[in-house]
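Protein chains in written order, with my numbering: chain L, 14 to 348; chain G, 605 to 890. All C-beta atoms in this analysis are idealised placements derived from N, C-alpha and C, irrespective of residue type, glycine included. Fair warning: this is a prediction, and the values are worked out from it, not measured in the lab. Structure record follows, encoded as structure tokens.
Right, here's the structure in full:
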């Protein structure tokens, strides 16, 4: 049986108090919000923090006027008419995260800080011990790419690519003060050190600019539960005549970080979203997907269909009725 | 087979109940009737007791009510392997139709609907029987589309260990309720004389036709044969590529496994006078 390791539990009521605790405890302390990622990881001894600092009682993380509080649950995002209408990609991403039970607990901030995943890493302690552990935790070899000096665990957040396409910025608070970064800059392409967030910082809110038409498509085997093995988010702003004024395409689960494909966005600028233009932009986006053999489904096939998924997202932002395709892919219409 | 044994055991418990009730009703055990939750004497239906009271009487008389039933199946019709499958006195059959949509660009498979007819003999509890059939479809689709045991060898220089590609239930996937298609069940009832009240199995029988039906539906949709489970989008795409190149449009094992089969023998069917033994003349004729 997998039991939790011992830890100390702190439950501050404000961001300032939480930041003070983090500053005092140092890197041995970890934040916990919904716990849907951290608790199973602790049971498998991926993380054994000395102190857990709970954010559940911090009301200021749950505001939704203007910026979205990092403590909002994924269910709250899915049920928010504002999120659904204005930030469609985020809404579609949130609606496809895990299962209803996990969305009731999991938070926006937690999803953005989700630990990277790998079939050699997300196993119990005994299994990992039997293969002498891996580069990400307690071992020296990356079993996915044995020649690699870098951990190639996959960024598996759905929220991040959606919000990167939406050009979101996040606020990080610590005892030393606050800073704001573009969400894309929160991530590093390193399966171990995948966040640029310092251990003493708290992700407090996500600010999303208005005016984007957006869409998120998730590839996974089943209609529920599974983490993405590819996520494509697209956001565009168009002139009245349909010419693209700005476009952002982001990929998730295609590297150790979610990232923006600048080339695809630049290509779309000044063009209309014709089938040919969409195909070319989708191919540009897909060329940046470098999946590894450490998640579900066939590696080469995942690479093959990346352009199709990018095209689905672009066709949806163009205004095509994608419900039938969506029901086939996602097993729900998400319209 | 177990149904027949259970029926016999239940009959023996009924005898205990009848014996206890007969004492109370001042009649003979074989004059005791059981009907509509009541236990009474045949000659005076007004006088009697509830079923629960009969149980209490029987428990007081015999202690814990228990009986053992058993059943030995009839002799196999032939002596050769394959003359009968296991020791069952009867076999059920299932027919399955699967509707499948396959995206020829990505190989993505969708199963919107399944029709399945199960030859059950007699449905003693139709609701449960339908549930069993739907469960069989669920299990069959998991096998057809997802479940797989794959091992990979870690580099011999570093480890050489053989490890599961899907070591936990998060990776070894079965359908979620969102992936489960609508299932239309038909229970085909033709009581089998060898079975308890004519009822045949509804265990995992309905599972069997699901995998081949799915593979055939994929063939019907895009004209490729996937001759192994699970049938996955990458295999369909690979087969479609082969088809486009004019190669054999199939993905699956390249050869039949080497099996040491016994020497073939010729046996006449019972209606031609065969007794299960080998027929020398028949072999000549064949």
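DSSP places residue 870 of chain G outside both helix and strand once states are collapsed to three, so it counts as coil. Using a CB distance cut-off of 7 Å, residue 321 of chain L counts as an interface residue toward chain G.
Against residue 309 of chain L, the close residues of chain G are 775, in the order they occur along the chain (beta-carbon pairs closer than 7 Å). Chain G places no beta carbon closer than 7 Å to that of residue 129 of chain L, leaving this residue out of the contacts.
Taking C-beta separations shorter than 7 Å and ignoring five residues to either side along the sequence, the partners of residue 178 of chain L in its chain run 102, 227, 246, 247, 248, 261, 262 and 263, following chain order. Taken through DSSP and simplified to helix, strand or coil, residue 807 of chain G comes out as coil. Interface flag for residue 759 of chain G against chain L is set, since a Cβ pair is found closer than 7 Å. The residue among G:696, G:857 and G:703 with its C-alpha nearest the C-alpha of residue 824 of chain G is G:703. For residue 709 of chain G, at least one C-beta of chain L is nearer than 7 Å to its own C-beta. Here the alpha carbons of residue 175 of chain L and residue 231 of chain L stand approximately 10 Å from one another.
The Cβ atoms of residue 302 of chain L and residue 277 of chain L lie no closer than 7 Å to each other. Secondary structure of residue 272 of chain L (DSSP, three-state): strand.
In the DSSP assignment, residue 679 of chain G falls outside any alpha helix (DSSP H) and carries neither an H nor an E.
Cα atoms of residue 657 of chain G and residue 732 of chain G: separation of roughly 29 Å, rounded to the nearest angstrom. Going by C-alpha positions, residue 224 of chain L is about 34 Å away from residue 189 of chain L.
For residue 93 of chain L, no pairing in a beta bridge is given by DSSP. Ranked by Cα distance from residue 755 of chain G, the options G:679, G:649 and G:767 are led by G:767. Positions of the alpha helix (DSSP H) runs, each at least 4 residues long and wholly inside the region 279-342 of chain L, are given as 288-299 and 312-331 in order along the chain. The beta strand (DSSP E) runs lying completely inside the region 756-802 of chain G and spanning 3 residues or more are 766-768 and 786-792, given in chain order.
Considering only beta carbons, the part of the region 740-752 of chain G lying closer than 9 Å to chain L consists of 749 and 750, in chain order.
Within chain G, the residues 780 have their CB atoms less than 7 Å from the CB of residue 238 of chain L, given in chain order. Secondary-structure assignment with DSSP links residue 243 of chain L through a beta bridge to L:232. The Cβ atoms of residue 20 of chain L and residue 62 of chain L sit closer than 7 Å to each other. In the DSSP assignment, residue 23 of chain L falls within the unbroken beta strand (DSSP E) covering 21-23.
Relative to the Cα of residue 839 of chain G, the nearest Cα in the group G:789, G:721, G:813 and G:712 belongs to G:712.
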